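Down below is the structure, laid out as structure tokens.
Numbering (my numbering), first residue to last: 618 to 684.
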């Protein structure tokens, strides 16, 4: 759970900005969006495989650029 305490003399806007950064860093909103709708296990598996494929293609491109 993200918790941000307002420091003495700190503006509320600054504390809110720190809170938003912490929430983003923890990945809470991303997780909430993913869990909003049901995904069947086969869809999850397909998305995971596509992500792996993209990552491998990027690595291959980077290696080709280094040579």
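Built from N, CA and C at the ideal position, the CB exists for glycine as well.
The structure displayed is predicted, hence computed values, not measured ones.
*Find out if the Cβ-Cβ distance for the pair residue 651, residue 619 is shorter than 8 Å.*
Numbered from 1 along the chain shown, position 34 holds the residue referred to as residue 651. Numbered from 1 along the chain shown, position 2 holds the residue referred to as residue 619. Their beta carbons are not under 8 Å apart, which means residue 651 does not touch residue 619 by this criterion.
_Alpha-carbon spacing of residue 684 relative to residue 666, whole angstroms_ = The residue labelled residue 684 in the question sits at position 67 within the chain shown. The residue labelled residue 666 in the question sits at position 49 within the chain shown. Taking the CA atoms as reference points, residue 684 sits about 28 Å from residue 666.
_residue 657 - DSSP class collapsed to helix/strand/coil_ = The residue given as residue 657 occupies position 40 in the chain shown. The answer is coil: DSSP assigns residue 657 none of H, G, I, E or B.
*Rounded to whole angstroms, what's the CA-CA distance from residue 681 to residue 638? Just pull it up for me.*
Your numbering for residue 681 matches position 64 in the chain shown. Your numbering for residue 638 matches position 21 in the chain shown. For the pair residue 681 and residue 638, the Cα-to-Cα distance works out to about 36 Å.
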